[in-house]
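Engineer: Structure provided below as structure tokens; questions to follow.
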Amino acid sequence: MDLPATQYTPASFSPEQVAMRDHFRKYMMAEIDPHTAALEAGENPYPLMKKMVGDLGLAGDADKLEKTGGVKSDTDAADRPNDPDTAALMRFARTQVQIELARVNPGFAMSWGASVGLFGSNVRSKGTPDQIKKYVPDVMRGEKTGSWCLTEPGAGSDAFGSMKTSARPDGDDYVLNGSKTFITNAPYADVFLVYARNTEDGSIQAFIVERGFKGVDTSKPFDKMGMKSSPTGQVFLDDVRVPAENLLGGGMKDRDHVRKSLASERIGIAVLSYAIAERCYDIAVDYAKTREQGGQAIGHYQLIQNRLARMYVDLSNARRIVYSSEEMDILDACAGKLFVAEAGTRVAMESIHILAGNGYMSEYVVERLARDAKLLELGGGTTEIQIITIGKAIMAG
Ligand SMILES: Cc1cc2nc3c(=O)[nH]c(=O)nc-3n(C[C@H](O)[C@H](O)[C@H](O)COP(=O)(O)OP(=O)(O)OC[C@H]3O[C@@H](n4cnc5c(N)ncnc54)[C@H](O)[C@@H]3O)c2cc1C
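If you count by this note's numbering, then the sequence shown holds residues 224 to 620, one letter each, in order.
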């Protein structure tokens, strides 16, 4: 299939990187994009996600994890590429597949990210070997769907301080009560990573909860402004008995494990925002070069070039954040998330403006992407929360 007009190829991309990008882009346009209308209308996205994981080989080392539970063995070192160029290309591939998916459908990409990233990677990095073996491989293969449950009706930005969901130790079990809201994948998820407050010492702990546990229920998907391909809902916990073996990592009581999860959620969100900005930029530049008014392409008007140039500034700076190979601490994750999320909305809105009447029409895609972009300024901590975190850290330093 022909690729849609590509107006933005970073000069730093190697021929291998361009080929890899085009490979993923062709797949997403051919296999995911045709489903977008149905997904936006509420079709269950998970069978398609499983197909994508299989087609593109995205399950990673799920088979190995199933055997080892993530315990390092002598063969691990042999599997790891020791050539830095190969390692860098693999890292690029992981970012690029998310970008190409989110260019086509940010909501679908968000649901996949919540399942394999917020649930899967969290359990993988903090779980016990038995928890990893039991829960992670199926989620990586798309056979099961995970969700990450922090937010509550009364605990959003102040998720820890105001958390009401409780975990009462009872013999070898914990008994969970409470409810979570705005949870990505909740209506269909098979497994939930639920944060709850221990009734004995007030600490926040994370529990792996299966849909089949007695007392677990979920709502229907909410109707919302954007990200319509991503089902969002509530999780209800009514005297849910969870065995102690499902306490993440055997029980971590400090908040550091949650903070680390928040950092990776923020970086994941920045990738989605960047993808939206890149697609909107491509569409706007293509339009500016081809749409004629007053006898010339509108892109020749300096007022339009001003908008295009500012879109480029956002895109170029956002790109350096999302492709960065640096290990990010929470502060850089907040700074990056804030900038890229706002850039995503700005570029999408500018793109609508350049397409004008057509930009307002669904056919031209940018109105959907602009609606999707706004969520990324709210989820994973609103703009205000990023600013507050950065400000506090500056003064504490
Ligand atoms: C589509 C969608 C998917 C989501 N997916 C998930 C998920 O998978 N898992 C999950 O746990 N959560 C999820 N969330 C929840 C999301 O993280 C929260 O919506 C977000 O953290 C904000 O919380 P809130 O909506 O309760 O807003 P509130 O915290 O009530 O904030 C309302 C306003 O007050 C401002 N505000 C709050 N506190 C302060 C302060 N101290 N100083 C200044 N201003 C402040 C905020 O910035 C905001 O503008 C999702 C949300 C949506 C919409």
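Note that beta-carbon positions come from the ideal geometry of N, C-alpha and C, so glycine has one too. All figures in this text were calculated on a predicted structure; none of them were measured in a lab.
Relative to the C-alpha of GLY614, which residue among TYR535, ILE506, LEU554 is closest?
Structural biologist: LEU554
Engineer: Are TYR504 and LEU526 touching if we call contact CB-CB under 8 Å?
Structural biologist: Taking 8 Å as the cut-off, the beta carbon of TYR504 is found no closer than this to the beta carbon of LEU526.
Engineer: What did DSSP end up calling ASN305 once you bin it into helix, strand or coil?
Structural biologist: ASN305 sits in coil when the DSSP states are folded into three classes, being neither helix nor strand.
Engineer: So what's VAL439 in DSSP terms, helix, strand or just coil?
Structural biologist: strand
Engineer: Could you tell me whether any non-hydrogen atom of ligand 1 is closer than 7 Å to the CB of GLY350?
Structural biologist: no
Engineer: Work out the CA separation of GLY365 and MET272 for me, nearest whole Å.
Structural biologist: 6 Å
Engineer: Rounded to whole angstroms, what's the CA-CA distance from GLN528 to ALA507? Just pull it up for me.
Structural biologist: 11 Å
Engineer: Cα separation between TRP335 and GLN519?
Structural biologist: It is roughly 43 Å from the alpha-carbon of TRP335 to the alpha-carbon of GLN519.
Engineer: Kindly confirm or deny that the segment 337 to 349 and the segment 374 to 394 touch, where touching means at least three C-beta pairs closer than 8 Å.
Structural biologist: no
Engineer: For PHE445, which residues from the same chain have a beta carbon less than 7 Å from its beta carbon, with the 5 sequence-adjacent residues on both sides left out?
Structural biologist: THR455, GLY456
Engineer: Would the beta-carbon of ARG244 fall within 8 Å of that of GLU323?
Structural biologist: yes
Engineer: Starting from ASP393 and walking both ways along the beta strand (DSSP E), at which residues does that stretch end?
Structural biologist: 389 to 393
Engineer: I believe VAL417 touches LYS403 by the beta-carbon criterion, under 8 Å. Please report the beta-carbon distance rounded to the nearest angstrom.
Structural biologist: That belief holds up - the Cβ atoms of VAL417 and LYS403 are roughly 7 Å apart, short of 8 Å.
Engineer: For VAL545, which option in GLY567, ALA532, MET534 has the closest C-alpha, if you only look at C-alpha atoms?
Structural biologist: GLY567
Engineer: For THR407, does the three-state DSSP call read helix, strand or coil?
Structural biologist: strand
Engineer: Can you look up GLY603 in the DSSP assignment and give me helix, strand or coil?
Structural biologist: Here DSSP, grouped into helix, strand and coil, assigns GLY603 to coil.
Engineer: Confirm the yes/no value for this check: CB of ALA337, any heavy atom of ligand 1, distance under 7 Å.
Structural biologist: yes
Engineer: Given LEU471, which residues of its chain have a CB within under 8 Å of its CB, disregarding the five upstream and five downstream residues?
Structural biologist: ASN345, VAL346, LYS349, GLY350, GLN354, LEU416, GLN428, ALA429, PHE430, ILE431, HIS480
Engineer: Buried or exposed for MET251, please, with buried defined as at least 16 other CB atoms from any protein chain shown within 10 angstroms of its CB.
Structural biologist: The residue in question, MET251, is buried, as its Cβ has 16 or more Cβ neighbours within 10 Å.
Engineer: Compute the Euclidean distance between the alpha carbons of GLU549 and GLY379, then round it to the nearest angstrom.
Structural biologist: Rounded to whole angstroms, GLU549 to GLY379 spans 29 Å at the Cα level.
Engineer: Just the Cα atoms here: how many angstroms apart are ARG248 and SER452?
Structural biologist: 19 Å
Engineer: Quick one: using the 10 Å Cβ neighbour count with 16 as the cut-off for buried, is THR513 buried or exposed?
Structural biologist: exposed
Engineer: Along the chain, where does the alpha helix (DSSP H) that runs through GLU263 open and close?
Structural biologist: 259 to 263
Engineer: Which residues does DSSP list as the beta-bridge partners of CYS557?
Structural biologist: BP columns for CYS557 are empty, so no partner.
Engineer: Taking just the CA atoms, how far does THR368 sit from ILE617?
Structural biologist: Looking at the two C-alpha atoms, the distance is approximately 38 Å.
Engineer: Quick one: does the C-beta of PHE405 sit closer than 7 Å to a heavy atom of ligand 1?
Structural biologist: It does: the Cβ of PHE405 is within 7 Å (strictly closer) of some heavy atom of ligand 1.
Engineer: Rounded C-beta distance between GLN321 and VAL494? I'm assuming under 8 Å.
Structural biologist: With a Cβ gap of about 5 Å, GLN321 and VAL494 count as contacting.
Engineer: Can you tell me whether DSSP reads TYR250 as helix, strand or coil?
Structural biologist: helix
Engineer: For ligand 1, I want to know if MET450 counts as a neighbour, meaning its beta carbon is within less than 7 Å of at least one of the ligand's heavy atoms.
Structural biologist: yes
Engineer: Could you please give me the residues that DSSP links to GLN428 through a beta bridge?
Structural biologist: ALA419
Engineer: Looking at the structure shown, is PHE236 part of a helix, part of a strand, or coil, going by DSSP?
Structural biologist: Three-state DSSP puts PHE236 in coil, outside helix and strand.
Engineer: On a CA-only basis, which of ARG530, ARG420, GLY602, ASP424 is nearest SER487? Give me that one, please.
Structural biologist: GLY602
Engineer: In the DSSP assignment, the alpha helix (DSSP H) including ARG543 goes from what residue to what residue?
Structural biologist: For ARG543, the uninterrupted alpha helix (DSSP H) run begins and ends at 525 to 545, by DSSP.
Engineer: Go to ASP462, then tell me how far its beta strand (DSSP E) extends in each direction, as first and last residue.
Structural biologist: 455 to 466 is the span of the beta strand (DSSP E), which, as asked, contains ASP462.
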